[in-house]
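Number of protein chains: 2
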Amino acid sequence: MLFDRVAVIGVGLIGGSLALAARRAGLIGEVVGVGRGASNLADARALGMVDRTTSDLGEIGPVDLVVLAVPVRTTGEIARSLAASIEPGTVVTDVGSVKQWVVEECTEALPASCPFVGAHPIAGSERTGAAAACADLFEDSVCVVTPVDATPPPARDAIIELWRGVGARVHEMTPSDHDRALAWTSHLGHVLSYALAHALAGAGDVLPLAGPSLREITRMAGGSTPMWRDIFLSNDRAVLATIDEFSSSLGDLRAAIEGGDAAAVDALLDHALATRRRIVEDS
Amino acid sequence: MLFDRVAVIGVGLIGGSLALAARRAGLIGEVVGVGRGASNLADARALGMVDRTTSDLGEIGPVDLVVLAVPVRTTGEIARSLAASIEPGTVVTDVGSVKQWVVEECTEALPASCPFVGAHPIAGSERTGAAAACADLFEDSVCVVTPVDATPPPARDAIIELWRGVGARVHEMTPSDHDRALAWTSHLGHVLSYALAHALAGAGDVLPLAGPSLREITRMAGGSTPMWRDIFLSNDRAVLATIDEFSSSLGDLRAAIEGGDAAAVDALLDHALATRRRIVEDS
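Residue numbers (our numbering), protein chains in the order written: chain A, 28 to 310; chain C, 28 to 310.
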């Protein structure tokens with residue numbers, strides 16, 4: 028067993044699935060679930076992912092691990108609230124889609140005796156809440172773990188072992204490398220999907236002619252506004268850089284179309300197709 | 028029966044499926060398939076979608092309907108080749124994703140006695156060729172038919188009846204209204220997907236962290252280069268206009284992120300989400 032007593036703050040899809048999967052694998056013992064929604068906490072108890080629940084951070088009691096599974100921008104605030112009551116030696120981790128901002132905020136907020144180890148499981152679904160959680164969510168997924176120089180090796184090792192134990196392939200990266208990579212592989216696509224849906228609102232009555240491709244490319248604009256606003260604002264530097272690289276690429280294609288340059292359009296489309304093939308193979 | 032003898036030029040997914048579906052519905056009689064690939068033509072014969080095949084436009088013989096099911100930019104050239112041998116009264120139609128360019132080219136190329144009626148069935152799949160065709164491809168799909176002022180009503184009516192007969196809901200529009208709408212609902216999404224995959228090629232080693240969303244948003248960059256180059260270049264005016272509207276929308280989101288303006292990001296994301304919901308409901 029890695030951690031005898033665990034607090035999961037935010038018992039939703041990710042926090043709930045981690046609790047279920049880690050219990051099934053025998054990696055964690057008693058689990059206290061923390062959240063604000065009484066009916067979601069009741070689901071979490073009924074579905075066996077937590078032993079007890081509370082909506083008060085001060086009532087967690089002594090634990091070996093705290094998992095922050097809440098929107099990115101609230102992690103710092105919760106870490107500051109925990110600081111008063113947390114026992115020395117407790118490891119704190121998270122599951123957020125942005126790492127540098129979170130690692131800095133949480134490390135600063137927590138006592139030096141409580142190491143923070145950032146983690147980001149790249150898994151999920153459109154569904155939310157404890158009732159959507161499942162024990163095999165992380166099988167064959169990727170989880171990025173982002174220790175820093177000051178991270179004590181035992182804390183780093185335990186978090187890596189936790190994620191491997193629930194079936195994830197662990198990539199160890201610096202927080203900023205993670206944020207740059209995720210800006211490319213996830214955050215930029217969400218930006219484009221939101222910007223497209225925003226622009227479509229001004230296009231007039233065209234939606235009856237939409238086919239499957241429009242439904243597909245706007246699916247990412249169907250997410251949670253607080254979650255994605257937090258991601259865009261806390262990973263702003265990397266997100267802005269990828270938007271600018273994308274705009275330059277779009278400008279190249281626009282110029283080739285405007286110039287009627289079939290050879291230039293072909294070259295760009297063939298180049299994109301080669302990358303598309305790598306995405307299908309590598310991911 | 029609407030047409031006793033039909034020539035389908037390009038017996039691929041769309042041309043082959045139309046032949047199968049219209050024969051099953053008793054709307055057409057003898058079908059001659061025209062194409063350049065001997066093995067694809069053999070498939071078309073073996074699968075019962077055509078009675079005979081040729082690779083020579085001069086050997087079609089007398090027919091009542093010619094269906095052009097070829098890449099957009101080749102329709103004009105084929106119409107010019109047909110002009111020498113086509114019998115007066117033969118109706119000519121197409122299935123291309125761009126209408127104004129095609130309607131103008133074909134109307135100019137064909138004798139005045141041979142009416143051209145543009146059509147665009149919004150259906151398809153990633154697969155290509157006669158072997159991918161199926162008789163129910165158009166069930167519950169949308170087909171846009173684009174007659175112009177000079178189109179003889181009987182020719183217009185017959186093409187509308189043909190598409191209704193194979194299960195499509197027919198929308199009648201002007202060629203330019205079609206092109207503007209499709210630029211929004213399909214062509215722009217493909218432009219964005221290609222530009223994203225093109226930009227990703229310069230992002231370094233980030234693909235191992237790609238999740239399902241990147242595979243989804245780059246799927247449209249996996250299409251046929253000649254097909255999409257033809258669509259972008261022959262619908263250039265509408266495509267460029269939607270690229271510019273999109274860029275303005277992207278610029279709004281970029282500015283809100285750069286300014287750290289949570290309220291502005293929330294407003295834009297909520298607005299996009301409302302349009303996303305309409306897309307799911309309307310299409």
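C-beta atoms are modelled at their ideal positions from N, C-alpha and C, and glycine is treated no differently.
My output table needs one value for T178(C): the three-state DSSP class, helix, strand or coil. In the structure shown, T178(C) sits in coil (DSSP, three-state: anything other than H, G, I, E or B).
Would you mind telling me which residues of chain A sit closer than 9 angstroms to G216(C), beta carbon to beta carbon, in chain order? L223, S240, L241, E243, I244, T245, listed in chain order.
Report the residue from H298(C), A150(C), A283(C), L300(C) whose alpha carbon sits nearest the alpha carbon of V292(C). The residue from H298(C), A150(C), A283(C), L300(C) with its alpha-carbon nearest to that of V292(C) is A283(C).
Is it the case that the stretch 33-41 of chain A contacts the stretch 51-60 of chain A, given that we only count it when at least three CB pairs across the two stretches are under 8 angstroms? Touching, per the Cβ criterion.
What is the DSSP secondary structure of L40(A), reduced to helix, strand or coil? L40(A) carries a helical assignment under DSSP once its states are collapsed to helix, strand and coil.
Span separating the alpha-carbon of V307(C) from that of R242(A): Rounded to whole angstroms, V307(C) to R242(A) spans 7 angstroms at the Cα level.
Cβ-based burial, A106(A) [other Cβ within 10 Å; buried from 16]: Buried is the label assigned to A106(A), since at least 16 other Cβ atoms lie within 10 Å of its Cβ.
Do you know whose CA, among S152(C), A146(C), A228(C), T302(C), lies nearest A222(A)'s CA? Comparing Cα positions, the closest option is T302(C).
For T252(C), would you say it is in contact with chain A, using Cβ-to-Cβ distances shorter than 7 angstroms as the test? So yes, T252(C) belongs to the interface.
Min CB distance H147(C) to chain A below 7 angstroms: Taking 7 angstroms as the threshold, the shortest C-beta distance from H147(C) to chain A does not fall below it.
For G229(C), which residues in chain A fall below 9 angstroms Cβ to Cβ? Residues of chain A passing the Cβ test: E272, S276.
Would you mind working out which of G39(C), H205(C), A230(C), S124(C) sits nearest F273(A), comparing C-alpha positions? It is A230(C).
When you compare only the Cα positions, how much space is there between E86(A) and A111(A)? As the crow flies, the alpha-carbon of E86(A) is around 12 angstroms from that of A111(A).
Close beta carbons around D279(C), own chain, < 7 angstroms, minus the five adjacent residues each side: Leaving aside the five residues that flank D279(C) on each side, the residues in its chain whose CB is nearer than 7 angstroms to its CB run, in chain order, L295.
Okay, do the stretch 128-146 of chain C and the stretch 161-168 of chain C touch, 3+ Cβ pairs below 8 angstroms being the bar? Touching, no.
Length of the line joining the Cα atoms of I204(C) and H198(C): It is worth fixing the name first, because residue 204(C) is Asp in this sequence and not Ile. When rounded, the distance between both Cα atoms is 11 angstroms.
Which of the three DSSP states is assigned to P89(A) in this structure? In this structure, DSSP gives P89(A) a state outside helix and strand, which the three-state scheme calls coil.
Grab me the residues of S108(C)'s own chain with a C-beta within less than 7 angstroms of its C-beta, minus the 5 sequence neighbours each way, in chain order. Within the same chain, Cβ atoms closer than 7 angstroms to the Cβ of S108(C) are found at L84, the five residues on either side in sequence being excluded.
Please list, in chain order, the chain A residues whose beta carbon lies closer than 7 angstroms to that of I284(C). Against chain A, the beta carbon of I284(C) has neighbours under 7 angstroms at F259, L260, D263, V266, L267, listed in chain order.
Run through chain C and tell me which residues come within less than 8 angstroms of I306(A), C-beta to C-beta. What I306(A) touches in chain C: A224, L227, L234, A237, L241, R242, T245.
Could you name the residues of the same chain whose beta carbon sits closer than 8 angstroms to that of W255(A), not counting the 5 residues immediately before and after it, in chain order? These residues qualify, in order along the chain: H217, Y221.
L300(C) and R305(A): beta carbons closer than 7 angstroms? No, Cβ-Cβ distance for L300(C) and R305(A) is not below 7 angstroms.
Against chain A, with Cβ distances strictly below 7 angstroms, would L164(C) count as a contact? By this cut-off, L164(C) is not an interface position.
So, is D271(A) buried or exposed, given that buried needs 16 or more other C-beta atoms within 10 angstroms? Label assigned to D271(A): exposed.
L219(C) versus chain A: which residues are under 8 angstroms apart at the beta carbon? Neighbours of L219(C) in chain A, taken as residues whose beta carbon is under 8 angstroms from its own, are L219, L223, I244, L277 in chain order.
In chain C, which residues lie with their C-beta within 7 angstroms of the C-beta of W211(A)? Within chain C, L227, A230, V233 have C-beta atoms less than 7 angstroms from the C-beta of W211(A), given in sequence order.
Pairing CB atoms from the stretch 153-160 of chain C with CB atoms from the stretch 66-79 of chain C, are three or more of them under 8 angstroms? These segments touch.
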